[in-house]
Ligand code: ZN
């Protein structure tokens with residue numbers, strides 16, 4: 244009987260999207276879980292009982308896409324609240340090369356102001372200056388200046404890309420504490436409180452988590468050359484170990500606690516116009532890089548994440564604020580090749596270090612009689628030709644580099660700047676995009692490389708392991724496919740198989756708060772079947 248009453252109550256609360264809609268929510272909470280692939284979401288969904296289970300009772304696009312090729316953190320976060328692909332946001336990577344820079348370091352970090360005196364891509368002044376488009380929060384504040392645009396994240400680039408140019412408060416972890424790039428903004432009291440609490444946490448050893456059977460079944464140590472075995476850890480941490488803290492759910496707990504504190508201090512959702520709170524949860528990414536995605540460590544992390552998001556939503560419930568939540572990821576991820584091979588992916592392998600731009604550039608230089616590095620870049624993605632070479636030598640270097648990369652058995656494709664520039668932006672569903680269309684969505688004529696190298700599927704772009712054992716960043720679907728969830732109290736949605744794109748999140752949320760967007764002003768479109776009423 245109790246179940247029947249609960250079901251009847253839920254049915255009364257539920258409202259179909261086509262019927263009379265309730266007024267717009269007063270607070271939009273947008274959560275990005277770094278490296279939370281759709282593969283992980285699908286695998287763990289039956290285990291979730293907390294916040295992720297609650298959000299999954301809304302609308303779930305289980306085939307969401309960070310549809311562009313360069314599936315790194317900064318480009319991914321730049322799509323979520325701008326509604327635009329990196330080709331429009333300008334955020335083509337976490338870093339790119341700008342040989343015209345006056346500073347000695349020609350590498351630009353995506354949240355870096357390269358004009359800042361004495362800066363480099365690793366010692367940078369945090370800024371949104373590289374983001375070429377406004378965010379939802381920026382547009383909302385243009386309409387209603389009393390709206391607050393607030394972000395808190397484990398990484399500066401997550402907070403910057405989701406809040407954009409007109410943030411009221413923006414806090415991120417700098418490795419030691421939560422800090423902000425906004426000048427002249429008074430920290431709400433919860434910032435000092437969160438910093439003190441996290442400092443106490445880091446100073447205290449963590450004994451590790453007790454794995455439930457679902458997780459302990461994954462506890463198999465995987466040998467990795469040059470690295471300690473991974474797979475059977477419990478996320479234990481010695482006192483003062485900041486790196487291990489970041490690769491533990493305690494880190495996300497700290498970010499969510501600060502997010503709750505900002506809701507309280509700033510009375511978010513209680514003003515005359517809607518507010519936006521962006522939350523970037525980074526621990527899953529650090530766990531994925533450090534231990535891979537299919538071991539006991541990720542299992543323990545995701546079950547804790549579920550619980551922590553649940554606690555955060557319970558806190559929001561208690562404020563009485565009318566809020567709505569969207570949750571997604573900045574990219575997916577792939578497990579380490581050593582374990583993938585055991586799990587039936589025989590072609591999983593590490594990249595040949597000879598593919599590094601520096602190594603290829605050096606051999607091209609020797610062959611063509613060119614001095615200097617010839618090429619700048621990584622083992623894949625955007626590669627740049629040294630602009631100090633004559634134009635004739637640059638043309639020879641390009642031809643030779645493309646030939647050399649294309650002849651390597653680990654390389655799937657090489658596309659030149661011109662080939663990409665002449666490819667129209669794809670307009671079909673992101674699951675149908677060709678490789679060059681994915682690369683096109685990551686392309687910025689000014690910032691992109693002279694050519695782009697795409698590694699074959701299951702080639703991990705980490706050759707010799709020093710720190711990370713696994714990563715993301717490829718145009719393959721394990722890195723592109725992410726869950727996209729929309730939830731609002733009283734709204735009951737469904738699981739949708741039809742693909743969606745993370746650029747659709749912003750126009751969907753804009754519709755939900757009745758913020759008009761100029762036609763064609765964003766790449767994405769409002770998603771039907773969500774708490775928003777789309778006016779197509
Ligand atoms: Zn990321």
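In this note's numbering, the protein residues as written are 244 to 779. Yeah, the Cβ is synthetic: ideal placement off N, Cα and C, and Gly gets one too. Since this is a predicted model, take the numbers as computed values, not measurements.
According to the DSSP assignment, residue 284 belongs to the alpha helix (DSSP H) that extends over 281 to 287.
Non-local beta-carbon contacts of residue 432 in its own chain, meaning distances under 8 Å to residues more than five positions away in sequence, involve 504, 508 in chain order. Distances from the CA of residue 377 to each of 310, 328, 337 were compared; the closest alpha carbon is that of 328.
Rounded to whole angstroms, residue 743 and residue 714 show a C-alpha spacing of 23 Å. Bridge pairing for residue 592: 702 [DSSP]. Contact holds between the region 332 to 339 and the region 304 to 320, because three or more Cβ pairs, one in each stretch, are under 8 Å apart.
Among the bridge pairs identified by DSSP, residue 338 is matched with 352.
For the region 413 to 473, the continuous alpha helix (DSSP H) assignments of 4+ residues that do not extend past its boundaries occur at 432 to 446, 456 to 459, in sequence order. Counting only runs of 4 or more residues that sit fully inside the region 304 to 329, the alpha helix (DSSP H) segments are 316 to 323, in chain order. A residue is called buried once 16 or more other Cβ atoms fall within 10 Å of its Cβ, and residue 391 is buried on that count. Rounded to the nearest angstrom, the gap between the Cα atoms of residue 297 and residue 276 is 16 Å. In this structure residue 462 is in contact with residue 474, their Cβ atoms being roughly 7 Å apart against a cut-off of 8 Å. Short note on residue 319: C-beta closer than 7 Å to some heavy atom of the ligand ZN.
By the Cβ test, the region 550 to 559 is not in contact with the region 573 to 588, since fewer than three Cβ pairs between them sit closer than 8 Å.
The beta-carbon separation of residue 437 and residue 500, rounded to 6 Å, stays under the 8 Å limit for a contact.
Take residue 568, set aside five residues on each side of it, and the residues of its chain with a beta-carbon closer than 7 Å to its own are 272, 274, 298, 730, in chain order.
Selection 647, 382, 410, 624 evaluated against residue 679 yields 624 as nearest (Cα-Cα). With fewer than 16 other Cβ atoms from the protein chains shown falling within 10 Å of its own Cβ, residue 610 counts as exposed. The beta carbon of residue 659 sits no closer than 7 Å to any heavy atom of the ligand ZN.
Across the set 394, 540, 672, the C-alpha of 540 shows the shortest separation from the C-alpha of residue 465. Taking non-hydrogen atoms of the ligand ZN into account, the C-beta of residue 722 is found less than 7 Å away from none of them. When rounded, the separation of the alpha-carbon atoms in residue 707 and residue 591 is 15 Å.
Residue range 618 to 620 is occupied by the beta strand (DSSP E) that includes residue 620. If one requires a minimum length of 4 residues, the alpha helix (DSSP H) runs lying completely within the region 522 to 585 are 526 to 534, 539 to 562, 580 to 585, in chain order. As the crow flies, the alpha-carbon of residue 321 is around 26 Å from that of residue 534. At the C-beta level, residue 607 and residue 662 stay beyond 8 Å of one another.
Ordered by chain, the residues meeting the criterion of a beta-carbon within less than 5 Å of a non-hydrogen atom of the ligand ZN are 277, 316, 528, 573.
Nearest in C-alpha terms to residue 515, of all of 496, 323, 756, 652, is 756. Here DSSP, grouped into helix, strand and coil, assigns residue 735 to coil.
One alpha carbon belongs to residue 287, the other to residue 545, and they sit about 8 Å apart. Around the beta carbon of residue 289, fewer than 16 other beta carbons lie within 10 angstroms, which makes this residue exposed.
Straight through space, the alpha carbons of residue 571 and residue 718 are spaced by roughly 18 Å. Here the region 597 to 604 makes no contact with the region 351 to 366; the two share fewer than three CB pairs at distances below 8 Å.
Taking a C-beta distance under 8 Å as the contact criterion, residue 307 and residue 759 do not qualify as a contact pair.
Setting aside the 5 residues that flank it on each side, residue 686 is surrounded in the same chain by 330, 663, each with a C-beta closer than 6 Å to its C-beta; the list follows chain order. Collapsing the DSSP output to three states places residue 511 in coil.
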